[in-house]
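The structure under discussion appears below in the form of C-alpha cells.
Chains as they are written, first to last, in our numbering: chain U, 1 to 566; chain Z, 567 to 643; chain F, 644 to 897; chain W, 898 to 1009.
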C-alpha cells in the first residue's frame, strides 16, 4: 500500500464501518444486524489506530503531501498528512472511541446512531488532513450535519431547538465560507492551499482587499465551529442537551479539529498571522468570560458546556501565537481537555441520570446514588474526581501540565493574568459542582428528587465504567508522564523541546495560589449576593437573532482589523 | 436577459420571505429555483441547471410542502 | 407592536449592511476570472477521465472525493430526517389524512393515482438514462437518482389507487426495506470506488476483460469508473430520497 | 455589474430574513435563498471566460470554467440537505410546542 493510500485509511476505515452499520440498519434488527453493527464500529474506531501506527515513521520523516487518487495538483484535492494531522487524528480517535464505548451502555443506541457517529469520526480525519479549500467546506458540512443529527438524537425538545439554532447559524456561516472561497478562486484560480499561496505571492498586491475579506470570511465561518467569543452562543444548549456520549465527543473533539484545520489554512494566507493573533486574543477573553458564566450555572451539564468554551479559549489563545512551540502547547491542552472533559461529561451525565436531577443546587448524596445504580466501588465518582482535578490544573494530573505550558507562553503580559484568573474561577466552579457529593440534606426536597430511594432505572454497566476508566487512566498517565508527552508532541510538530519540566517549584506554587483564590471565589459565589448575581447572569437575554448578529459583528471586526494591517 | 430573470428571482425571494402564507412562499421559492435553472442554462451550465431543477424546484419543494402541511400555513409573527 | 416591527427591520438592515460591507470587495472586484484550470481540463480532461462532459470529469474524476463527501452529507441528512420524523410521539397516521394525492377529494385522487402509477416506468427509464449518460451529456448519478426517486414515489402513489395488480409486480417490490438495502449496498459501492487506486484498478479490469474478449475496450476502460460511480450515486441518492418521500407520505409502517 | 449587485441583494434578502423572521420555516427559506445567491454568483462569474457549455465535441469552442459548476453541484445538494434537516427539526418542534415562533419556543423551554 502506497503512502497516500495509507494516509487515507483513517478516513476510509470509519466510512467502511459506517457502510456496514448502514447495512445493519437496513436489516431491521436480529443477530446478524447486531454483528454487522459491532464489526462496523470495530473497523471504524479500532482499526484506524493500526493505520496511524503505520503512518508514524512517515510522519516523523516529515509527513506526506499528495492529491487524492493522484489527480493533477491543479484541480485535484490536495491532502497533507504531517505531525499535526497525526496528532489531531489521535485526539479524535481517543475521544470518539471512549464516548462510543459509553454509548453502548447509556445510549443512544442503534445502527443509525453508529452510522452517523462513524461518519463523524471519518469527517474528523478528513478535516485534519485536507489541504484544499472546497474539500474543507465539504468536511465542515459533514461534521456539522452529523452533529445536528447527533444532538437531536437525545429527543429532548430543547435539543431540537439547539440543533436548529446551530444548524441555521452555521449554515449561514458556511455561505460566507463559500464567498471566501469564491474570492480566493477568482484571484488565484486554484483551491489547494499551496496553490493559493503561490498565486497570491506572485500578485503585485498579494490579492489586495479580496484576499483580506476572503480570509475574514473563511476564518469567521470556521470560528463558529470552535465556539470562540463572540460566536459561542450555540454551544451551551447543544452540548448540554445532547446525549452524554455525544456531549463528550462534541466538547472533547469537535470544537478542536476545525481549529487546527483553520490553523493549517491560515498558515498559507498572507494575512493569516494577523487573523490568528486576533482570534487568539479573543480566545483569552473567551477563557475568562465563559468561566464566569459557567460559575453561575445551575444545570450540571450546562456548567460543563460553558467550561468547554472557556477551555477552548485557552487552546485558541496559545494557537493564536502560531509558533510551533505555542502550537504544541495548544494541542496538548486540546488533547488533555478531550480526555478530562469527556470524562466529566460521562461521569456527571451518569450521576445526573442516576439521581434524576441536573440541578447543582439540589443534587446531593451522589456517591450513595451511584451505589444504588450498580456502581459498588464508586468508580464513576473516582472518574469525576480525576476529571475535576485535571480541569482545576492540580498536579499530578494532565491539566496541570498543559495549563502551565500555556501560561509559560504569556509570562508577564495581561493574557497571563487573565488566564490565571480564569484558572481560579475554574477551581471555584468545580468546587461548586463537587457539592453534589455532599451528603444529602436531611428532610430536604432533594430526597424526593430521587437521591434517597426512587432511582430511575439507570444501571451503570460495564462498558460505561470501562470508557470512564480508560479516560481516567489516560488523564493520570499523561499527567504523570507530562514531560515525555510534551516532548513527543513537540517533536511531531517540529517545535524545539521545552526547556523546563512541568513539576517545578514555581508551577506548584502557582497551583496552590490558584486553589486558594478559587476557594475564595467559590465562597463569594455561594454567598447570597453571589447567588443573585449568578441568577442574573443565567437569565440574561439570549436570542437567535443575537447569535447571527454576533457572528456578523465578529466577521466585521475581523475584516476591519485585517484591512488595517494589510 | 439574465439580469431581468435575476431581478425577478430577487423579487420572488423577497416575496417568499415576507409572505404571511407560507405556502405562497414555497411557490415563490420554487419559481426562483426554476428561474435560477434557466439562468444556469443561459450561462452555459446545463449540469447545474438540471440539478437545480431536480433538487431546488423538485425535491426541496416537496419537503417544504410536507413541512407546511404538517405544521401550519400562516406565519403568525 | 409597531416598535417591534421597526426594531426588527433595523436589525435586518444592520445585518445585511454588515455582511455586504465585507462581501462587496469580494464580489464587486474586477479581477479577471482565471483561465488556467479551464485550459488544463479542456486539454487533459478527456484523456484522464474519458468523460466528454467536463463537469463530470471534475465531479466524478478529479474531485470525486468531494462528491463522496456530498453523498455522505446527503446520507446523514436524509437518514437523520427520517429518524426524526419516525420517532415523533403520537404521530397521526399520515397515510390517511396526508399525502399530496389525497388532498383533492376522492374523485380526482383515483385518476391522478392511476396516471402516476402508469407513468412510473417511464420516469424510472428516464432516470436511468440521466444516470447512465452523465459522462457525455448533462446530468449524472445525482440528478438521475432524484428522478429515479420520483419514479418510486409514483409507484407508491399508484399502488394506493388499487394495489399491486395495476403495475408490474416486479417494480412494486420497492418497499422501504428494499430501499434501505439498496441504499446501503450502493453506499458501500460508492465508497469502494472512491478509495484511491480502485478507479485505476477497475479501469484495468475492464481493459483486461475487454482484451480477453477480443474487444478494444480502451475508451470504455477510461470512463468505466465514472459510469460505475454514476450508477452507485444514482442508486444511493434515489433510494435515500425515495425513503424520505415514502416516509413523508406516511408509508413507513409496512 | 448589475448581476453582481442583484446577487448581493439576493444574499442580503436571505440574511435579513434569517435574522428578522421568527418563523422556523421562514428561516429555512432564508437559508435556501442565501445558498442560491452564492450558486448563481459562482456560475455567472465562471461563465465570463467562455461562451460554450463544457461539453467536448466540435471544434473552436470557448468553454466556460467547469470547476465552479462542479463545485456548485455539491453546494446545491448540501443546501437541500440543510433544508431537509431544518424542516424536520421544525416539524418536531411544532409537534411539541404547537408553534413555529423561535422566540416563543425559546421562552417555553426556559420555563420547563
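Every residue gets a Cβ at the ideal spot worked out from N, C-alpha and C, and that includes glycine.
- prompt: Can you list the residues of chain W that residue 689 (chain F) reaches, using a CB-CB cut of under 9 Å?
  reply: The contacting residues are 953.
task: Classify residue 991 (chain W) as buried or exposed, calling it buried when 16 or more other Cβ atoms lie within 10 Å of its own Cβ.
output: Residue 991 (chain W) is classed as buried because its beta carbon has at least 16 other beta carbons within 10 Å across all chains shown.
query: When the cut-off is 9 Å and only beta carbons count, does residue 956 (chain W) lie next to chain Z?
result: Not an interface residue.
query: Considering only residues of the same chain and omitting the five flanking positions on each side of residue 92 (chain U), which have a CB-CB separation below 8 Å?
result: Cβ neighbours of residue 92 (chain U) within its own chain (closer than 8 Å, five residues either side excluded): 121, 124, 125, 128, 253, 257.
query: When you compare only the Cα positions, how much space is there between residue 744 (chain F) and residue 797 (chain F)?
result: With a pLDDT of 39 at residue 744 (chain F), under the threshold of 50, the modelled position of that residue is not reliable, and no figure is offered here.
task: Tell me residue 65 (chain U)'s beta-bridge partners as DSSP assigns them.
output: Under the DSSP definition of a beta bridge, residue 65 (chain U) partners with U:80.
task: State the DSSP-derived secondary structure class of residue 636 (chain Z), mapped to helix, strand or coil.
output: Correct three-state label for residue 636 (chain Z): coil.
message: Going residue by residue through the region 226-259 of chain U, where are the continuous alpha helix (DSSP H) segments of at least 4 residues, counting only ones entirely within it?
response: Counting whole runs of 4 or more residues, the region 226-259 of chain U contains the alpha helix (DSSP H) stretches 235-241, 244-249.
field: Where residue 779 (chain F) falls: helix, strand or coil (DSSP)
entry: In the structure shown, residue 779 (chain F) sits in coil (DSSP, three-state: anything other than H, G, I, E or B).
message: So residue 613 (chain Z) contacts chain W; which residues on that side make the cut at Cβ distance below 7 Å?
response: Residues of chain W passing the Cβ test: 966, 970.
task: Scan the region 766-786 of chain F for residues whose Cβ lies nearer than 9 Å to a Cβ of chain Z and list them as they occur along the chain.
output: Those residues of the region 766-786 of chain F placed with their C-beta closer than 9 Å to a C-beta in chain Z are 773, 777, 780, 781, 782, 783, 785, 786, ordered along the chain.
- request: Starting from residue 952 (chain W), follow its DSSP beta bridges and name the residues at the other end.
  value: DSSP lists F:696 as partners of residue 952 (chain W).
task: Please check if any C-beta of chain Z sits within less than 9 Å of the C-beta of residue 844 (chain F).
output: When Cβ-Cβ separations below 9 Å define contact, residue 844 (chain F) makes no contact with chain Z.
message: Rounded to whole angstroms, what is the Cα-Cα separation between residue 28 (chain U) and residue 459 (chain U)?
response: About 26 Å.
query: Shorter than 9 Å from the beta carbon of residue 930 (chain W) to some beta carbon of chain Z?
result: Under the Cβ criterion of 9 Å, residue 930 (chain W) is counted among the residues facing chain Z.
- prompt: Assuming residue 615 (chain Z) and residue 603 (chain Z) make a contact with CB atoms under 8 Å, what is their CB distance in whole Å?
  reply: Sure, about 5 Å apart at Cβ, within 8 Å.
- prompt: Going by alpha carbons, who is nearest to residue 414 (chain U) out of U:508, U:429, U:284?
  reply: Considering only alpha carbons, the answer is U:284.
- prompt: Is any beta-carbon of chain W found at less than 9 Å from that of residue 359 (chain U)?
  reply: So, not an interface residue.
- request: Starting from residue 158 (chain U), find everything on chain W with Cβ-Cβ shorter than 7 Å and list it in chain order.
  value: Per Cβ cutoff of 7 Å: 1006.
- prompt: alpha helix (DSSP H) containing residue 491 (chain U): first to last residue?
  reply: Taken as a continuous stretch (DSSP letters only), the alpha helix (DSSP H) holding residue 491 (chain U) covers 482-492.
Under the three-state DSSP convention, the category residue 130 (chain U) falls into: Strand.
task: Decide yes or no for the touch test of the region 236-250 of chain U against the region 101-112 of chain U: beta carbon pairs closer than 8 Å, at least 3 of them.
output: These segments touch.
field: Span of the alpha helix (DSSP H), counted from its first residue to its last, around residue 543 (chain U)
entry: Premise fails: residue 543 (chain U) is in no alpha helix (DSSP H) and is neither H nor E.
field: Short Cβ contact (9 Å threshold) for residue 191 (chain U) with residue 314 (chain U)
entry: With a cutoff of 9 Å on beta-carbon distance, residue 191 (chain U) and residue 314 (chain U) are scored as not near each other.
- request: Please go through the same chain and pick out, in chain order, the residues whose beta-carbon is closer than 7 Å to the beta-carbon of residue 421 (chain U), but skip the five residues on each side of it.
  value: 288, listed in sequence order.
- request: Could you say which of F:705, F:724, F:853 lies nearest to residue 883 (chain F) if we only look at CA atoms?
  value: Checked all of F:705, F:724, F:853; the closest Cα to residue 883 (chain F) is F:724.
message: For the pair the region 53-67 of chain U and the region 1-11 of chain U, tell me if three or more CB-CB distances fall below 8 Å.
response: Cβ pair count under 8 Å is three or more, so yes.
field: Given residue 45 (chain U) as reference, the closest of U:251, U:12, U:350 once Cα atoms are compared
entry: Nearest neighbour of residue 45 (chain U) by Cα position, chosen from U:251, U:12, U:350, turns out to be U:12.
- request: Provide the residue(s) that pair with residue 960 (chain W) in DSSP beta bridges, ordered along the chain.
  value: According to DSSP, residue 960 (chain W) shares a beta bridge with W:949.
- prompt: Using DSSP with H/G/I as helix, E/B as strand and the rest coil, what is residue 895 (chain F)?
  reply: Annotation note: pLDDT 43 at residue 895 (chain F) (below 50); position unreliable, coordinate value reported separately. DSSP places residue 895 (chain F) in coil when its eight states are reduced to three.
- request: Kindly indicate the opening and closing residues of the alpha helix (DSSP H) around residue 900 (chain W).
  value: Per DSSP, residue 900 (chain W) belongs to the alpha helix (DSSP H) from 899-917.
query: From which residue to which residue does the alpha helix (DSSP H) around residue 855 (chain F) run?
result: Its alpha helix (DSSP H) spans residues 841-855.
query: Are the beta-carbon atoms belonging to residue 361 (chain U) and residue 401 (chain U) less than 9 Å from one another?
result: If you check the CB distance, residue 361 (chain U) and residue 401 (chain U) do not come in under 9 Å.
- request: Label residue 750 (chain F) either buried or exposed according to how many other C-beta atoms from any shown protein chain fall within 10 Å of its C-beta, with 16 as the threshold for buried.
  value: Bear in mind that a pLDDT of 44 at residue 750 (chain F), under 50, signals an unreliable position, so the model cannot answer this.
task: Can you tell me which of F:828, F:871, F:720 puts its alpha carbon nearest to the alpha carbon of residue 20 (chain U)?
output: Here the closest residue by C-alpha is F:828.
query: Expressed to the nearest angstrom, what Euclidean distance is found between the alpha-carbon atoms of residue 580 (chain Z) and residue 201 (chain U)?
result: When the Cα atoms are used, residue 580 (chain Z) and residue 201 (chain U) turn out to be separated by approximately 41 Å.
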